[in-house]
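Below is one structure, written out as structure tokens, with a few remarks after it.
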Amino acid sequence: IFVNRSSLTPKIPRNIEKLVHLRYLNLSGQDIVQLSETLCELYILEKLDISYCMDLEELPEGIKKLINMRHLLNDGTDTLRYMVVGIGRLTGLRTLGEFHVSGGGGVDGRKACRLESLKNLEHLQVCGIRRLGDVSDVGEAKRLELDKKKYLSYLRLEFDKKKEGEETRKNEDDQLLLEALRPPLDLKKLEIRYYRGNTVFRSLLVQKLRAAASFGKMPSLEKLHIWGMKRVKKVGDEFLGVEIIIAFPKLKSLLIEDLLELEEWDYGITRTGNTVIDIMPRLSSFEIKWCPKLKALPDYIHQTTTLKELRILMCGLLKERYRKGKGQDWAKISHIPNIDIK
Numbered sequence: 001i002f003v004n005r006s007s008l009t010p011k012i013p014r015n016i017e018k019l020v021h022l023r024y025l026n027l028s029g030q031d032i033v034q035l036s037e038t039l040c041e042l043y044i045l046e047k048l049d050i051s052y053c054m055d056l057e058e059l060p061e062g063i064k065k066l067i068n069m070r071h072l073l074n075d076g077t078d079t080l081r082y083m084v085v086g087i088g089r090l091t092g093l094r095t096l097g098e099f100h101v102s103g104g105g106g107v108d109g110r111k112a113c114r115l116e117s118l119k120n121l122e123h124l125q126v127c128g129i130r131r132l133g134d135v136s137d138v139g140e141a142k143r144l145e146l147d148k149k150k151y152l153s154y155l156r157l158e159f160d161k162k163k164e165g166e167e168t169r170k171n172e173d174d175q176l177l178l179e180a181l182r183p184p185l186d187l188k189k190l191e192i193r194y195y196r197g198n199t200v201f202r203s204l205l206v207q208k209l210r211a212a213a214s215f216g217k218m219p220s221l222e223k224l225h226i227w228g229m230k231r232v233k234k235v236g237d238e239f240l241g242v243e244i245i246i247a248f249p250k251l252k253s254l255l256i257e258d259l260l261e262l263e264e265w266d267y268g269i270t271r272t273g274n275t276v277i278d279i280m281p282r283l284s285s286f287e288i289k290w291c292p293k294l295k296a297l298p299d300y301i302h303q304t305t306t307l308k309e310l311r312i313l314m315c316g317l318l319k320e321r322y323r324k325g326k327g328q329d330w331a332k333i334s335h336i337p338n339i340d341i342k
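For the sequence shown, full-length UniProt numbering gives the first residue as 1, with consecutive numbering after it.
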């Protein structure tokens, strides 16, 4: 069933609990503050879409009864104050659009689901986690055991930046928190937003690896989106990983956005022993924007033959360096079929 927002007074249909055979309910974009407990009588409901319900503050406590739920689509529910305890009991969930970490603020701790409760959702394939800046105990992130979620293919981690009027972040050391989260190696798409560490992933993904590891060792990753890392000044060898022959073997799409302090992107290692390291051999699309201090792109971007699309937006130094026909390094990228520099 789909509830159309175009109505002047959008409402959930009366007696909706009587639709006992309902499997899919779409309430996306509705002006809803709180979902009715009667929804929790839809025992065979498999998919609930409440995405972009921008006034929604709470989920019903009885949601734990919807044990057949497979997909909870709640992207864009920015006003959601916390996740109810019952979420941890929906062990069949494949999609959880956004898990909102509770930052206190008057929320009853008995009602709020802790981050580590996601450990029970063993079948998750798509998951977003927001407000990681409110995680006060790094141990809670470790107990989540993300690295053991063997079906997880898409993960979004948001270290939400401090908003006006909110308390100071409880965990300033995002580097330790990111390491504790340990995303699984077999991810196909990973997004990281608002990360405030000073270096990029020096010891990320330590599970099963005694040496430092990094994104380059994620063999299934196809899309990587890095966004809003305000303190990172340099991307270096730690981004690739050590003692590998191919870094990012399946990566096709790379988006780097809003790294305002990034100045240098270069790798000191280009070979392992006598073997040259192959970096992103399948990369076809690369976009970089709002990196005003970055001086140059790394050599492998210049040398790649697989890249079909290159976009450079709002990066003043790069714009001059790669200006068509005039920039000092225009010749290094002119072989790329589709180039957009603004």
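Note that the Cβ used here is the ideal one computed from N, Cα and C, for glycine as well.
- Taking 8 angstroms as the upper bound for CB-CB distance, P292 and L260 are in contact here, some 7 angstroms apart.
- When secondary structure is reduced to three states using DSSP, C113 falls in the coil class, being assigned neither helix nor strand.
- L56 sits away from V84, with the two beta carbons spaced by 8 angstroms or more.
- Around the beta carbon of A331, a 10 Å sphere encloses fewer than 16 other beta carbons of the protein chains shown; the residue is thus reported as exposed.
- The alpha-carbon separation between G88 and G29 amounts to approximately 25 angstroms.
- About 6 angstroms separates the beta carbons of L294 and L318, which is inside the 8 angstroms limit, making them a contact pair.
- For L176, the uninterrupted alpha helix (DSSP H) run begins and ends at D174 to L181, by DSSP.
- Exclusion of the five residues before and after Y151 leaves H123, L124 and Q125 as the residues of its chain whose Cβ lies within less than 7 angstroms of its Cβ.
- With fewer than 16 other Cβ atoms inside 10 Å of its own Cβ, E320 counts as exposed.
- If you draw a 10 Å sphere on the C-beta of V20, you find fewer than 16 other C-beta atoms in it, and that means exposed.
- By the CB criterion at 8 angstroms, L132 and F159 fall inside the cutoff.
- Spanning the alpha carbons of I67 and E263 requires a straight line of approximately 49 angstroms.
- Collapsing the DSSP output to three states places Q303 in a helix.
- Assignment of C40 by DSSP, reduced to helix, strand and coil, places it in the helix class.
- Cβ-Cβ distances below 6 angstroms link I256 to I226 and I288 in the same chain, with the five nearest sequence neighbours on each side left out; the list follows chain order.
- It is roughly 7 angstroms from the alpha-carbon of A112 to the alpha-carbon of S102.
- Counting only the Cα atoms, K326 lies some 38 angstroms from K188.
- Taken through DSSP and simplified to helix, strand or coil, W330 comes out as helix.
- Apart from the 5 residues on each side of it in sequence, G76 sits with its Cβ closer than 6 angstroms to the Cβ of S51 and Y52 in its chain, given in chain order.
- Nearest neighbour of D134 by Cα position, chosen from R81, K18 and L27, turns out to be R81.
- Contact between P184 and K142 does not hold, since their C-beta atoms are separated by about 14 angstroms, which reaches or exceeds 8 angstroms.
- The straight-line gap separating the alpha-carbon atoms of D299 and K47 is approximately 46 angstroms.
- M280 is the residue among W290, G197 and M280 whose C-alpha sits nearest the C-alpha of I246.
- In the DSSP assignment, K142 falls within the alpha helix (DSSP H) that extends over V138 to L144.
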